[in-house]
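Let me begin by presenting the structure, written as structure tokens, before commenting on it.
In full-length UniProt numbering, the protein residues as written are 1 to 166.
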């Protein structure tokens with residue numbers, strides 16, 4: 001958050017996943033949470049810590065938009081960064097179960113789709129949020145999969161991407 005400011009991302013005021021991946025590539029890699037802890041506020045970039053690379057990437061791939069089938073294929077192989085609309089109170093106060101409440105589809109929050117499944121024939125995405133383990137199901141949410149809206153619930157299928165290594 002402190003170092004990725006030249007790509008157009010805005011620290012704690014948000015940014016774009018694709019730009020974050022571009023920063024990681026440009027920076028030669030990314031460090032770990034242990035080596036450069038997230039503090040929940042904007043700060044000055046500690047270049048020494050940022051240079052302690054734990055992993056590198058060669059770029060990123062975008063998942064075709066508005067296509068939950070393509071998103072599922074991507075999630076089957078690796079975690080996928082997805083943008084969702086997290087503005088609704090039902091989402092913000094989610095505490096468990098498969099989330100199927102109404103929400104807009106204008107993404108304003110980045111999360112990570114880490115899996116998918118079904119519970120009594122109700123299909124869902126397993127999504128890791130960044131709001132800590134006290135939110136949702138230990139920091140995760142199960143969101144309805146195969147929505148009637150091509151954008152997916154809360155716009156989950158509108159903007160998805162993942163890092164790649166050559």
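Here a beta-carbon is modelled for each residue, glycine too, at the ideal position from N, C-alpha and C. Here the structure is a predicted model, which means the values were calculated and not measured.
8 Å Cβ cutoff met for residue i and residue j
| i | j | result |
| --- | --- | --- |
| residue 107 | residue 138 | no |
| residue 35 | residue 49 | yes |
Status (buried if at least 16 other CB within 10 Å, exposed otherwise) for residue i
| i | result |
| --- | --- |
| residue 13 | exposed |
| residue 43 | exposed |
| residue 165 | exposed |
| residue 95 | exposed |
| residue 54 | exposed |
Residue i (DSSP reduced to helix, strand or coil)
| i | result |
| --- | --- |
| residue 117 | strand |
| residue 161 | strand |
| residue 93 | coil |
Sequence-distant residues of its chain with Cβ nearer than 6 Å to residue i (five each side left out)
| i | result |
| --- | --- |
| residue 127 | 111, 113, 141 and 143 |
| residue 21 | 60 and 163 |
| residue 56 | 29 |
| residue 24 | 30 and 57 |
Distance cut-off 7 Å: residue i Cβ against heavy atoms of the ligand NAD
| i | result |
| --- | --- |
| residue 22 | No copy of the ligand NAD occurs in the structure displayed, which carries no ligand at all. |
Supposed contact pair residue j and residue i - C-beta distance, whole angstroms, cut 8 Å
| i | j | result |
| --- | --- | --- |
| residue 105 | residue 154 | 7 Å |
| residue 157 | residue 65 | 7 Å |
| residue 74 | residue 160 | 7 Å |
| residue 88 | residue 103 | 5 Å |
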